[in-house]
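The C-terminal residue of the sequence shown carries number 293 in our numbering, and the numbering is unbroken.
The C-beta atom is built at its ideal place from N, Cα and C for all residues, glycine as well.
None of the values given here were measured: they were computed from a predicted structure.
What follows is one structure encoded as structure tokens, with my remarks underneath.
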Amino acid sequence: MSGSKLSDVSFEDAATRAPEPDDHELLGLTVHSLPAVPRAQAAMDDAQRSRSGRLKMLLVLLVCAAPVIASYFTYYVIRPEGRRNFGELIVPQKEIPAVQAQRLDGTPVELRSLQGQWLLLSVSGGACDARCQGNLYLQRQLRESLGKDKERMDWVWLIADGAEPPAAIVPALASATVLRVPEAVLQQWLAPQAGRQLQDHLYVVDPLGHWMMRFPPQLAQADAAKARRDLERLMRASSSWDKEGR
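Structure follows, in structure tokens:
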């Protein structure tokens, strides 16, 4: 009897109780339904990490560039007492082209290897006429006039053809950087004032490799003091981030 009642009760309980999913149904729910939430969460986490990584990279770049930006802001924007530049500022600045130049002995060298120093450039043919020799003299004198800061500036002569320099001026070029660069390359990078030629100017390139200033054409020795003041201001404005040597 007791066995019969137990069976009846169990049967009645089963009949009146809401049906429960069997083990297969529970397994099915576990396999097919629950992983949808982790996948969505993982996608959200990946997106968040990606945004965070980009933000950190941007902050690092800003921190690295801050001294350069500050020095240019000081030079270009803050001009006490209405100060004016003698040289013409170049906007937008133009980067040294990624081309191969040659030393006088024919050794190849990347033009961008000049980066890391301030550069005072002149351009001419190798025959170097009186105007060319005058520019080279001014370049050397301007660099020397910077005193202790002269080690932060190189004076560079870019020869736009295959002509050999006059033997008489070669000894004076011992402290200069002399490279042959195709004229077409130079014309795409540097530019004279309207109606002038490349060899009429001296050009200034910053340590990051950007052409940023052009002095008036056919610079005379009488104007050397004005050009020197521009160079001195550049040295002061960049002293926090630019050090001598590449």
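Counting C-beta pairs with one atom in each stretch, the stretch 232 to 247 and the stretch 209 to 219 have fewer than three that are closer than 8 Å, which means they do not touch. Here Ser169 is buried. Its C-beta has 16 or more other C-beta atoms within 10 Å. Per DSSP, reduced to three states, the secondary structure at Lys273 is helical.
Around the beta carbon of Ser285, 16 or more other beta carbons lie within 10 angstroms, which makes this residue buried. The alpha-carbon of Ile216 is positioned some 11 Å away from that of Gly173. Across the structure, Gln186 and Leu278 are spaced so that their CA atoms are roughly 11 Å apart. Counting along the chain, Ala238 sits inside no alpha helix (DSSP H), nor does DSSP assign it H or E at all. With 16 or more other Cβ atoms inside 10 Å of its own Cβ, Gly256 counts as buried.
For Arg187, no beta strand (DSSP E) encloses it; the enclosing alpha helix (DSSP H) starts and ends at 177 to 191. Under the three-state reduction of DSSP, Val217 is assigned to helix. Non-local beta-carbon contacts of Gln147 in its own chain, meaning distances under 8 Å to residues more than five positions away in sequence, involve Pro155, Val156, Glu157, Leu158 in chain order. For Leu166, the enclosing beta strand (DSSP E) stretches over residues 165 to 171. For the 7 Å CB-CB criterion, Trp258 and Lys141 form a contact. In this structure, the CA atom of Gln246 is about 21 Å from the CA atom of Ala221. In this structure, Tyr250 sits near Arg261, with a CB-CB distance shorter than 7 Å. Nearest to Arg280 by C-alpha distance, out of Leu193, Glu198, Ile143, Gly181, is Leu193.
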